[in-house]
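Undergrad:
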Amino acid sequence: MATAATLEKSTATVRKPHRRMSRVMAVRQAMQYVLIVLLALFCLVPFAWMVLSAVDAQAGPTVQSPEFTLDNFVRFFTKADTPRLLANSLLISVSATALNLACGIFGAYALSRIRFRGRKTFMFSILLIRVIPPPATIVALYLMMVKMSLDNSYLGLILVEAAAALPVTLWLLKGAIDAIPFELEEAAWMDGSTRFGAIRKIVFPLVGPGLGAAALIAFMAVWGDFLTPLVLLQSPDLYPLSIGLFRAFTAFNQVDWGVLAASAVIYMTPPAILYGFLRRYLFRASIGSAVKG
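Using my numbering, you'd call the opening residue of the sequence shown number 107 and step up by one each time.
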């Protein structure tokens with residue numbers, strides 16, 4: 107009997123700490139959920155305002171029940187400037203992304219396959235460029251473009267944008283090429299292929315997920331850049347959508363909230379579409395890096 111009573115007391119003593127721990131864990135988990143909900147609301151409220159205002163005939167700076175209309179989108183495309191601004195953004199972003207990938211794939215191949223002194227130092231040095239804030243280098247970039255007569259031009263902006271996104275592309279594609287067995291290229295050489303032929307037949311198909319991920323990251327970086335085109339471009343005919351909207355809708359301290367919201371929806375559409383097409387490549391690239399690591 108004494109043994110049974112002692113056992114019951116010890117069991118009760120053990121249960122109390124477990125209950126306390128369960129309560130503490132429940133409170134902690136509840137606080138985490140509350141924090142997640144608050145962060146989600148913080149992110150979703152501006153997005154909700156943008157979508158609701160884009161279809162609201164009486165859009166304002168606050169969230170309200172919309173009077174449904176598509177006139178804001180019609181006005182965006184019928185304005186004299188806005189379609190050209192959208193075309194400029196697409197031209198700059200697509201061209202800079204293509205140039206970035208062309209330089210990135212061959213640069214990454216060289217860094218992956220060619221062993222030279224200071225290779226690791228060089229890799230970390232180019233990555234260090236991304237650590238430097240863009241405002242710290244924008245004046246030097248502008249002076250360089252002026253010296254080369256590339257300021258206020260598509261070409262100068264495309265070169266700068268492609269170069270700015272190149273470090274991340276090099277690192278991402280180098281990791282993808284490192285995962286490709288070198289023996290496959292050697293087998294292609296034995297079959298009579300040149301080095302470039304082996305790259306085209308072996309490396310390009312296998313590095314597809316890395317290319318897709320690099321394209322998505324580079325395009326979104328160029329598309330969302332505001333400071334570089336603001337400094338390098340002076341002609342309104344060359345402005346991308348971000349700069350054009352900033353200048354047009356802040357003129358004379360008057361803001362057309364409906365058209366501004368519709369413009370924001372249209373502005374986010376190309377990256378969203380590109381993400382829809384390339385997200386599987388981004389997922390495969392992340393999985394490949396995790397497996398390699």
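Ideal Cβ placement from N, Cα and C applies to all residues, glycine included. Treat the numbers as computed from the prediction; the structure is a model and nothing was measured.
Once the 5 residues before and after residue 307 are set aside, which same chain residues still bring their CB inside 8 Å of it?
TA: Correct list, in chain order: 294, 299.
Undergrad: The alpha helix (DSSP H) with residue 325 in it runs from where to where?
TA: Run containing residue 325: 314–329, per the alpha helix (DSSP H) assignment.
Undergrad: Extract the residue ranges of the alpha helix (DSSP H) inside the region 183–222, only unbroken runs of 4 or more that lie entirely within it.
TA: 188–219, all fully within the region 183–222.
Undergrad: With a floor of 4 residues, list each alpha helix (DSSP H) that falls wholly inside the region 221–259, ordered by position along the chain.
TA: Here the runs fully enclosed are 225–234, 240–253.
Undergrad: Just list the residues that DSSP pairs residue 69 with in beta bridges.
TA: There is simply no residue 69 to check, as the chain begins at 107 and stops at 399 in what is shown.
Undergrad: I'd like to know whether the C-beta atoms of residue 278 and residue 320 end up nearer to each other than 8 Å.
TA: The answer is yes: Cβ separation under 8 Å.
Undergrad: Within this structure, are the beta carbons of residue 158 and residue 151 separated by less than 8 Å?
TA: Not closer than 8 Å, so no.
Undergrad: At the level of alpha carbons, what is the spacing between residue 324 and residue 216?
TA: So the alpha carbons of these two residues sit roughly 20 Å apart.
Undergrad: Measure from the alpha carbon of residue 361 to the alpha carbon of each residue in 239, 270, 144, 164, then state which is nearest.
TA: When each option's Cα is compared against that of residue 361, the closest is 164.
Undergrad: Among the residues of its own chain, which have a CB less than 8 Å from the CB of residue 262, if the five just before and after it don't count?
TA: The answer, listed in chain order, is 251, 254, 256, 338.
Undergrad: Measuring only the C-alpha atoms, how far is residue 428 from residue 379?
TA: For residue 428 there is no data in the structure shown, the boundaries of the chain being 107 and 399.
Undergrad: Which value, in whole angstroms, describes the spacing of the CA atoms of residue 224 and residue 273?
TA: When rounded, the distance between both Cα atoms is 16 Å.
Undergrad: Give a yes or no on contact between the region 308–317 and the region 187–194, applying the rule of three or more CB pairs nearer than 8 Å.
TA: No: the two stretches stay apart, fewer than three of their Cβ pairs being nearer than 8 Å.
Undergrad: Taking the Cβ atom as the reference point for each residue, do residue 156 and residue 371 lie within a distance shorter than 8 Å?
TA: In this structure, residue 371 lies closer than 8 Å to residue 156 by Cβ.
Undergrad: Just verifying my parser: in three-state terms, what is the DSSP assignment at residue 298?
TA: Here residue 298 sits in coil by DSSP.
Undergrad: So which of 386, 385, 367, 375 has the shortest CA-CA distance to residue 154?
TA: That would be 367, whose Cα lies nearest to the Cα of residue 154.
Undergrad: Check whether the Cβ atoms of residue 247 and residue 266 lie closer than 8 Å to each other.
TA: Against a cut-off of 8 Å, the Cβ pair of residue 266 and residue 247 comes out as a contact.
Undergrad: What is the C-beta distance between residue 347 and residue 373, in whole angstroms, given that I count them as a contact (C-beta under 8 Å)?
TA: With 8 Å as the limit, residue 347 and residue 373 qualify as a contact, their Cβ atoms being about 6 Å apart.
Undergrad: Do residue 202 and residue 264 have their beta-carbon atoms positioned less than 8 Å apart in this structure?
TA: In contact: residue 264 and residue 202 (Cβ atoms closer than 8 Å).
Undergrad: Could you tell me the distance, in whole angstroms, from the CA atom of residue 340 to the CA atom of residue 245?
TA: Computed Cα separation, rounded: 15 Å.
Undergrad: Relative to the C-alpha of residue 181, which residue among 386, 228, 369, 269 is closest?
TA: Checking every option, the nearest Cα to that of residue 181 belongs to 369.
Undergrad: Let's see if you can read the secondary structure: which residues bound the alpha helix (DSSP H) around residue 334?
TA: First-last of the alpha helix (DSSP H) with residue 334: 333–338.
Undergrad: Here's the rule: buried if 16 or more other CB atoms are within 10 angstroms of the residue's CB, otherwise exposed. What is residue 142?
TA: Its Cβ having fewer than 16 others within 10 Å, residue 142 is exposed.
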